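K.L.:
When you number the sequence shown by my numbering, it's gap-free, plus one each residue, and the end is 303.
Got a structure for you, written out below as structure tokens; questions coming shortly.
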Amino acid sequence: MKTIKLGKSQLDVSEVALGCMRMNALDVKEATAVLEAANDSGINFYDHADIYGKGESEERFAAALKQSSLKRENFLIQSKAGIRFGKYDFSKEHLTSSVEGILKRLETDYLDVLLLHRPDALVEPEEVAEVFTSLQKAGKVKHFGVSNHSPYQIQLLEKYIEQDIVANQLQLSVTHTGMIDAGIHVNTKDANSVDHDRAILDYCRLNDITIQPWSPVQGEKGVFLNNPDYPEINEVLSKVGENYGMNNEATAIAWLLRHPAKMQVILGTMNPERIKTYASASGKVISRDEWYEIYRAAGNIVP
Numbered sequence: 001m002k003t004i005k006l007g008k009s010q011l012d013v014s015e016v017a018l019g020c021m022r023m024n025a026l027d028v029k030e031a032t033a034v035l036e037a038a039n040d041s042g043i044n045f046y047d048h049a050d051i052y053g054k055g056e057s058e059e060r061f062a063a064a065l066k067q068s069s070l071k072r073e074n075f076l077i078q079s080k081a082g083i084r085f086g087k088y089d090f091s092k093e094h095l096t097s098s099v100e101g102i103l104k105r106l107e108t109d110y111l112d113v114l115l116l117h118r119p120d121a122l123v124e125p126e127e128v129a130e131v132f133t134s135l136q137k138a139g140k141v142k143h144f145g146v147s148n149h150s151p152y153q154i155q156l157l158e159k160y161i162e163q164d165i166v167a168n169q170l171q172l173s174v175t176h177t178g179m180i181d182a183g184i185h186v187n188t189k190d191a192n193s194v195d196h197d198r199a200i201l202d203y204c205r206l207n208d209i210t211i212q213p214w215s216p217v218q219g220e221k222g223v224f225l226n227n228p229d230y231p232e233i234n235e236v237l238s239k240v241g242e243n244y245g246m247n248n249e250a251t252a253i254a255w256l257l258r259h260p261a262k263m264q265v266i267l268g269t270m271n272p273e274r275i276k277t278y279a280s281a282s283g284k285v286i287s288r289d290e291w292y293e294i295y296r297a298a299g300n301i302v303p
């Protein structure tokens with residue numbers, strides 16, 4: 001498994017990470033098998049959020065960890081806070097209590113990374129700065145980032161916080177390419193020239209913020225892999241994958257990793273075999289022509 005630096009930090013993270021949102025649906029034995037499969041595949045980074053399974057996903061992870069061969073010092077844990085079911089809350093009180101709850105459920109003394117989970121319209125960045133500094137000084141959180149934030153939202157935080165924003169978790173797949181489309185369609189009147197993401201891809205590259213694509217194989221009609229509603233993209237993924245010994249599942253991840261932004265893909269599957277398959281994309285570099293061929297096969301237009 002290839003590793004990258006997470007943002008401006010010195011953390012060496014696997015370029016494929018495991019998202020644990022669905023872990024609450026597993027029993028401890030099944031969850032342990034998932035962790036072992038991820039570890040065997042070279043994954044050293046696990047992504048959580050306090051709302052996943054209403055906290056049960058973090059608890060199941062902790063229980064499975066005790067049954068696994070993984071050692072806490074050999075992997076990294078990221079979690080997210082700020083969503084309160086119908087509203088967002090970056091207040092000092094909520095973020096502080098959320099982190100305490102996360103640490104308790106995960107049965108760990110610290111998080112390697114904490115992300116603010118979607119923007120809070122009522123954010124008071126001075127409060128966020130106070131929380132970040134307090135958590136860092138207490139040794140409870142080592143690094144900080146955001147999820148689904150725009151450039152100006154990040155800059156507003158950075159005006160007050162002392163820490164670097166190391167990551168921005170954003171939805172991205174070959175069937176959800178808005179942040180790529182807008183760049184390609186600059187100076188056109190095409191529908192794809194509308195920038196819903198406010199040039200966040202270029203902003204993160206300019207500021208050494210690692211993009212963490214979530215839902216990397218999700219389309220509007222569900223998972224696009226081996227889905228009859230997406231015949232062309234699956235045909236091209238399979239064709240390109242043959243050149244590298246990959247199936248279409250791995251090739252979909254390789255397409256994301258081919259981007260020079262050096263992203264860290266967050267997998268959502270809880271299937272051990274799929275984890276191994278997706279992780280096998282690490283280190284496989286498809287060509288520029290193949291990247292664009294896959295991009296077009298997903299229905300994306302090159303003007």
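For every residue, glycine included, the Cβ atom is placed at its ideal position computed from N, Cα and C.
Owing to the predicted nature of the structure, the values given are computational and were not obtained by experimental measurement.
1) DSSP on D195, reduced to helix/strand/coil?
2) The alpha helix (DSSP H) that contains F132, what's its start and end?
3) Just to check my reading of the structure: K221 and A254 have Cβ atoms closer than 8 Å, yes? What is that Cβ distance to the nearest angstrom?
4) What residue range does the beta strand (DSSP E) around Y46 cover?
5) From the DSSP output, which residues share a beta bridge with V321?
6) Straight-line CA distance for D109 to V123?
7) Just how far apart, CA to CA, sit W214 and D190?
8) What is the DSSP secondary structure of S14, reduced to helix, strand or coil?
9) Helix, strand or coil, according to DSSP, for Q67 in the structure here?
10) Taking the beta strand (DSSP E) that I209 belongs to, which residues open and close that run?
11) Can you tell me whether DSSP reads H143 as helix, strand or coil?
12) Is any non-hydrogen atom of the ligand HEM found closer than 7 Å to the C-beta of S41, if you look at the structure I gave you?
13) If I'm right that F61 touches M23 with Cβ under 8 Å, what's the distance once you round it to whole angstroms?
14) Measuring CA to CA, which of Q169, K54, Q155 is closest to Q163?
15) Over what stretch of residues does the beta strand (DSSP E) that includes K5 continue unbroken?
16) Quick one: using the 10 Å Cβ neighbour count with 16 as the cut-off for buried, is Q10 buried or exposed?
17) Do the CB positions of V166 and I209 come within less than 8 Å of each other?
18) Distance, Cα to Cα, K71 vs V174?
19) What number of angstroms, rounded off, separates the C-alpha of D309 from the C-alpha of R296?
20) Could you please give the first and the last residue of the uninterrupted beta strand (DSSP E) stretch that includes A81?
P.N.:
Considering the structure as presented:
1) The count along the sequence shown starts at 1 and reaches residue 195 at position 195. Note: D195 maps to coil in three-state DSSP.
2) Here the question's residue 132 lines up with position 132 in the sequence shown. According to the DSSP assignment, F132 belongs to the alpha helix (DSSP H) that extends over 125–137.
3) Mapped onto the sequence shown, residue 221 falls at position 221. Mapped onto the sequence shown, residue 254 falls at position 254. Incorrect: roughly 22 Å between the Cβ atoms, too far for contact.
4) On the sequence shown, position 46 is the one that residue 46 refers to. Per DSSP, Y46 is one residue of the beta strand (DSSP E) stretching across 45–47.
5) In the structure as shown, the chain starts at 1 and stops at 303, and residue 321 therefore has no counterpart that could be examined.
6) Working through the sequence shown from its first residue, we reach residue 109 at position 109. Working through the sequence shown from its first residue, we reach residue 123 at position 123. If you take the alpha carbons of D109 and V123, they lie about 27 Å apart.
7) As a first step, residue 214 is located in the sequence shown; it is residue number 214 there, counting from the start. As a first step, residue 190 is located in the sequence shown; it is residue number 190 there, counting from the start. Distance between the alpha carbons of W214 and D190 is about 26 Å.
8) Stepping through the sequence shown from its first residue, residue 14 is reached at position 14. Reduced to three states, the DSSP call for S14 is strand.
9) Mapped onto the sequence shown, residue 67 falls at position 67. When secondary structure is reduced to three states using DSSP, Q67 falls in the helix class.
10) Along the sequence shown, one-based indexing puts residue 209 at 209. DSSP places I209 outside any beta strand (DSSP E), giving it a letter other than H or E.
11) Position 143 of the sequence shown, counting from 1, holds the residue named residue 143. Assignment of H143 by DSSP, reduced to helix, strand and coil, places it in the strand class.
12) This structure lacks the ligand HEM; in fact it carries no ligand of any kind.
13) Position 61 of the sequence shown holds residue 61. Position 23 of the sequence shown holds residue 23. About 6 Å separates the two Cβ atoms, so the contact holds.
14) In the sequence shown, counting from the first residue as 1, residue 163 sits at position 163. The shortest Cα separation from Q163 among Q169, K54, Q155 belongs to Q155.
15) Here the question's residue 5 lines up with position 5 in the sequence shown. Here the beta strand (DSSP E) through K5 covers 3–5.
16) In the sequence shown, residue 10 corresponds to position 10, counting from 1. Around the beta carbon of Q10, fewer than 16 other beta carbons sit within 10 angstroms, so the residue counts as exposed.
17) As a first step, residue 166 is located in the sequence shown; it is residue number 166 there, counting from the start. As a first step, residue 209 is located in the sequence shown; it is residue number 209 there, counting from the start. At the C-beta level, V166 and I209 come within 8 Å of one another.
18) Position 71 of the sequence shown, counted from the start, is the residue given in the question as residue 71. Position 174 of the sequence shown, counted from the start, is the residue given in the question as residue 174. The straight-line gap from Cα to Cα measures roughly 35 Å.
19) Lying outside 1 to 303, the shown extent of the chain, residue 309 is not represented and no answer is given.
20) For this step, residue 81 is matched to residue 81 along the sequence shown. Taken as a continuous stretch (DSSP letters only), the beta strand (DSSP E) holding A81 covers 76–81.
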